[in-house]
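> I'd like to ask some things about the structure below.
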Amino acid sequence: FLTFEGDLKWDHTDLTYRVMNYSPDLDRAIIDDAFMRAFKVWSDVTPLTFTQIYSGEADIMIMFGTQEHGDGYPFDGKDGLLAHAFPPGRGVQGDAHFDDDEFWTLGTGLVVKTRYGNANGADCHFPFVFEGRSYSRCITEGRTDGLPWCATTASYDADKTYGFCPSELLYTQGGNSDGSPCVFPFVFGGVSYDACTTDGRSDGYRWCATTASFDQDKKYGFCPNRDTAVVGGNSQGDPCVFPFTFLGESYSTCTSAGRQDGKLWCATTGSYDADKKWGFCPDRGYSIFLVAAHEFGHSLGLDHSSVREALMYPMYRYVEDFQLHADDVRGIQYLYGRGSGPEPTAPAPVPTQEPQPVPTEAGSASTTEEEEEEGTPEPTAEPSPVDPSRDACMENKFDAITEINGELHFFKNGKYWTRSSVWKSGIQGAFSIADTWPGLPAVIDAAFQDVLTKRVFFFAGRHFWVFSGKSLLGPRGIEKLGIGKEAGRIAGALQRGRGKVLLFSGENYWRLDVKVQRVDKGYPRATDDVFTGVPLDARNVFLYQDKYHFCQGHFCWRMTPRYQVDRVGYLKYDILQCP
Amino acid sequence: PLQAQPRAVVTFPGELVRGLSDVELAESYLVRFGYATEGEARTSSKHVSLAKALRKMQKQLGLEETGQLDASTLEAMQAPRCGVPDVGR
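As given, the protein sequences belong to chains A and B, one line each in that order. Reading the first sequence from the start, the letters are residues 5 to 583 in our numbering. Reading the second sequence from the start, the letters are residues 18 to 106 in our numbering.
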């Protein structure tokens with residue numbers, strides 16, 4: 005690994021970040037989540053914490069931009085340079101910039117998050133079947149209002165679950181119109197427009213008026229990219245128009261005709277021959293999570309590594325199940341030390357409790373105090389994205405596993421699944437954590453249900469929440485339970501009779517008296533003093549069918565109440581019982 | 018089936034800036050990411066300094082150190098990547 009000259013690093017560990025604007029390629033919630041996970045890559049192995057703020061100067065300011073975007077280091081259109089970041093320090097130092105001429109995804113192609121409909125904000129499922137025909141993009145068939153929609157399962161005909169696709173007819177992002185949709189036609193500069201335009205802007209972002217006259221009302225918003233929005237070319241963001249004519253031939257899908265590099269493109273008017281307007285069709289794109297995790301490494305003081313598999317290697321490479329490389333861990337711990345494990349990442353403010361800033365620049369947060377005063381809250385966040393088609397058996401690991409009301413619960417990244425040991429109904433879900441336990445962060449570390457009161461305790465970092473039904477108490481710091489700083493996170497809990505619960509962290513465990521919410525004297529104790537033979541760095545510890553389970557990676561160790569490991573099995577096949 | 022007529026190749030508007038030669042691409046890459054200075058890239062003994070800079074880049078990026086603008090080096094130069102220089106500030 006390499007650090008910057010002079011080992012540039014932050015002189016504090018509780019860092020803040022602010023997302024100044026958003027790429028129209030992805031829904032805002034998906035970008036926020038990707039950035040949060042990218043920071044967690046580093047907070048998991050250092051004492052660093054990262055808190056998102058929505059106004060004022062943050063340590064790490066994040067922005068999307070194209071070509072020259074204000075720092076003297078221009079981007080270069082599609083592909084090539086993807087992003088850059090500056091070493092720790094004041095002003096532009098520490099900031100991270102992303103090239104918005106790229107097609108930002110999660111690395112495996114277009115991500116179309118739906119709104120409204122009946123799919124709870126799930127992503128489109130391509131292809132899907134509607135009235136017997138298969139579609140691989142959003143369609144307006146079956147509707148008279150021209151709103152593009154998609155099915156969120158493989159077959160709308162069978163499941164009837166659907167949502168609406170991003171479109172300026174449904175909503176806008178940023179600007180000063182609280183997400184209102186475009187009004188067409190609208191008048192700008194005396195000219196009538198019946199589609200989004202980049203006129204009047206130098207940054208290439210497409211916008212529209214949200215009343216009939218921008219000249220009169222000055223109300224506007226930025227247009228989200230449709231699923232068929234082109235990338236690059238000379239009409240970035242405009243949707244393909246099918247069919248279109250090219251060299252006299254008609255094309256109703258993207259084509260590589262006319263090119264030697266095989267890249268797929270389309271025209272953004274009915275005739276390329278007449279108008280010469282074109283752009284590249286969406287491809288797999290670049291994972292905003294992976295690129296952000298790399299750039300945030302620079303923001304923290306790491307330079308490029310020559311280890312090809314390391315995150316800090318300068319070239320992009322898509323990795324499905326990302327794990328931080330030992331070289332990166334050594335580098336960041338050389339700068340900040342190991343800490344006692346991951347520190348808490350403050351949960352994003354619960355939308356209904358705090359006014360949201362009104363974005364003013366390309367979807368950015370407000371920049372002046374009085375605007376904040378005037379800001380009207382954005383519509384409360386959509387229900388968290390849930391994709392019923394996401395299969396728990398596709399997950400390699402879970403944030404937390406515990407039994408609640410007789411059902412095993414598997415938590416992962418804002419979602420959870422259940423499996424009843426009584427009913428043979430198989431795995432149920434995915435459900436949204438936020439819908440069931442509002443106020444919880446998307447990523448939790450552990451949970452347990454108190455046998456006596458049925459209250460459910462959740463842990464994330466050094467915070468815990470207590471739910472009695474839907475009513476919440478917390479977050480509170482686990483120091484209130486009497487757990488010292490040596491516990492960075494709680495890995496799991498084992499309910500023991502008489503109102504006692506064992507909380508595991510690192511290589512130790514505490515015994516919590518649930519009634520008084522205080523750990524007993526004489527703790528922590530070393531886990532392997534009692535629980536010999538189980539992994540000391542288990543990711544999940546839980547009680548199930550009266551046996552203790554310690555899971556790490558793909559495997560789970562099962563221990564009897566007599567502290568004998570009687571089985572080592574697979575999380576996926578023995579606990580989840582995947583086929 | 019084979020196309021009935023030879024495929025037309027079109028220069029799309031906005032792409033005119035492409036079409037750097039391999040050497041030009043290499044020079045701009047090596048300067049941009051800190052493996053060579055502007056002066057080195059432009060000096061008369063360009064060949065020597067280019068080979069030296071290429072070797073430095075190949076070592077840094079874990080490529081075979083040939084000092085030549087070989088296929089894998091050229092491919093690396095065209096790969097999507099981070100804009101922070103690899104050498105220096």
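Ideal Cβ placement from N, Cα and C applies to all residues, glycine included.
Compile a chain-ordered list of the residues in the region 79 to 103 of chain B whose CB is closer than 9 angstroms to at least one CB of chain A.
G79, A93, Q95, A96, P97, R98, C99, G100, V101, P102 and D103
> Threshold first: 4 residues or longer. Then list the alpha helix (DSSP H) segments lying entirely within the region 159 to 210 of chain A, N to C.
160 to 163
> Which of the three DSSP states is assigned to V46 (chain A) in this structure?
The residue labelled residue 46 (chain A) in the question sits at position 42 within the first sequence. Correcting the residue identity first, residue 46 (chain A) is Trp in this sequence and not Val. Helix at W46 (chain A).
> Using 9 angstroms as the limit for Cβ to Cβ distance, is A25 (chain B) near chain A?
Within the second sequence, residue 25 (chain B) is the residue found at index 8, counting from 1. Answer yes: the Cβ-Cβ gap between A25 (chain B) and chain A drops below 9 angstroms somewhere.
> How would you list, in chain order, the residues of chain A whose beta-carbon sits under 7 angstroms from the beta-carbon of Q75 (chain B)?
Against the second sequence, residue 75 (chain B) aligns to sequence position 58. Under the 7 angstroms cutoff, chain A gives no residues; its nearest Cβ is about 10 angstroms from Q75 (chain B).
> Rounded to a whole number of angstroms, what is the C-alpha to C-alpha distance between F452 (chain A) and G503 (chain A)?
In the first sequence, residue 452 (chain A) corresponds to position 448, counting from 1. In the first sequence, residue 503 (chain A) corresponds to position 499, counting from 1. F452 (chain A) and G503 (chain A): Cα-Cα distance of roughly 12 angstroms.
> Provide the residue(s) that pair with A271 (chain A) in DSSP beta bridges, ordered along the chain.
As a first step, residue 271 (chain A) must be located in the first sequence, where it is residue number 267. In DSSP, A271 (chain A) forms a bridge with A:W282.
> Mind checking R137 (chain A): buried by the 16 CB within 10 Å criterion, or exposed?
Position 133 of the first sequence, counting from 1, holds the residue named residue 137 (chain A). Exposed is the call here.
> Let's see if you can read the secondary structure: which residues bound the alpha helix (DSSP H) around T406 (chain A)?
What you label residue 406 (chain A) is simply residue 402 of the first sequence in a count that begins at 1. Run containing T406 (chain A): none in the alpha helix (DSSP H); it sits in the beta strand (DSSP E), A404 to I408.
> Check for me: the beta strand (DSSP E) holding M563 (chain A) runs from which residue to which?
Along the first sequence, read from residue 1 onward, the residue named residue 563 (chain A) stands at position 559. That run of the beta strand (DSSP E) goes F559 to M563.
> Is the closest heavy atom of the ligand FAD to the C-beta of L251 (chain A) under 8 angstroms?
The ligand FAD is not part of this structure, which contains no ligands at all.
> Hey, C212 (chain A) and T176 (chain A) are a contact pair by Cβ (cut 8 angstroms); roughly how many whole angstroms apart?
Within the first sequence, numbered from 1, the residue matching residue 212 (chain A) stands at position 208. Within the first sequence, numbered from 1, the residue matching residue 176 (chain A) stands at position 172. The Cβ separation is near 7 angstroms, so the contact holds.
> Using a beta-carbon distance cut-off of less than 7 angstroms, what residues from the region 303 to 332 of chain A approach chain B?
The region 303 to 332 of chain A vs chain B, Cβ under 7 angstroms: H308, S310, R312, P318, M319 and Y320.
> Could you pull the DSSP bridge partners for Q499 (chain A) from this structure?
Position 495 of the first sequence, counted from the first residue, corresponds to residue 499 (chain A). Note: Q499 (chain A) sits in a beta bridge opposite A:V505.
> Have a look at A:F559, A:L19, A:G473 and A:F414 and flag the residue whose alpha-carbon is nearest the alpha-carbon of A446 (chain A).
Reading the first sequence from its first residue, position 442 is the one you call residue 446 (chain A). Minimum Cα distance to A446 (chain A) is reached at A:F414.
> Could you list which residues in chain B have their beta carbon closer than 8 angstroms to that of L251 (chain A), in chain order?
Locating residue 251 (chain A) in the first sequence gives position 247, where the first residue counts as 1. Those are A25 and V27, listed as they occur along chain B.
> From which residue to which residue does the beta strand (DSSP E) around T53 (chain A) run?
Position 49 of the first sequence, counted from the start, is the residue given in the question as residue 53 (chain A). Run containing T53 (chain A): T53 to Q56, per the beta strand (DSSP E) assignment.
> Is it buried or exposed for Q568 (chain A), if we count other Cβ within 10 angstroms and need 16 for buried?
Residue 568 (chain A) sits at position 564 when you count from the first residue of the first sequence. Flag for Q568 (chain A) reads exposed.
> Rounded to a whole number of angstroms, what is the C-alpha to C-alpha distance between L37 (chain B) and F468 (chain A)?
Position 20 of the second sequence, counted from the first residue, corresponds to residue 37 (chain B). Position 464 of the first sequence, counted from the first residue, corresponds to residue 468 (chain A). Spanning the two alpha carbons is a distance of roughly 58 angstroms.
> Would you be able to state if there are at least three C-beta pairs under 8 angstroms between the region 282 to 298 of chain A and the region 224 to 239 of chain A?
yes
> Could you tell me whether any Cβ in chain B is nearer than 9 angstroms to the Cβ of R263 (chain A)?
The sequence position of residue 263 (chain A) within the first sequence is 259, counting from 1. Yes, because at least one Cβ of chain B sits closer than 9 angstroms to the Cβ of R263 (chain A).
> Hey, out of B:L71, B:V26 and B:T28, whose CA is closest to D103 (chain B)'s CA?
Working through the second sequence from its first residue, we reach residue 103 (chain B) at position 86. Residue B:L71 is the option with its Cα nearest to D103 (chain B).
> If you draw a straight line from the alpha carbon of Y317 (chain A) to that of A93 (chain B), how long is it in whole angstroms?
Taking the first sequence and counting its residues from 1, the one referred to as residue 317 (chain A) is at position 313. Taking the second sequence and counting its residues from 1, the one referred to as residue 93 (chain B) is at position 76. In a straight line, the C-alpha of Y317 (chain A) is about 12 angstroms away from that of A93 (chain B).
> Does the beta carbon of A385 (chain A) sit closer than 9 angstroms to a beta carbon anywhere in chain B?
As a first step, residue 385 (chain A) is located in the first sequence; it is residue number 381 there, counting from the start. In this prediction, A385 (chain A) scores a pLDDT of 39, lower than 50, which makes its location untrustworthy; no coordinate-derived value is stated.
> Give the interface partners of G183 (chain A) over in chain B, defined as CB-CB distance under 8 angstroms, in chain order.
Position 179 of the first sequence, counted from the first residue, corresponds to residue 183 (chain A). Ordered by position in chain B, no residue passes the 8 angstroms Cβ test against G183 (chain A), which lies about 32 angstroms from the chain.
> What does a CB cutoff of less than 6 angstroms around T202 (chain A) pick up in its chain, not counting 5 residues either side in sequence?
Your numbering for residue 202 (chain A) matches position 198 in the first sequence. The residues are G208 and R210.
> My output table needs one value for V26 (chain B): the three-state DSSP class, helix, strand or coil.
By 1-based counting over the second sequence, the position of residue 26 (chain B) is 9. V26 (chain B) falls in the strand class under three-state DSSP.
> Quick check on the burial criterion: 16 or more other C-beta atoms within 10 angstroms. Buried or exposed for T157 (chain A)?
The count along the first sequence starts at 1 and reaches residue 157 (chain A) at position 153. Buried, by the Cβ-count rule.
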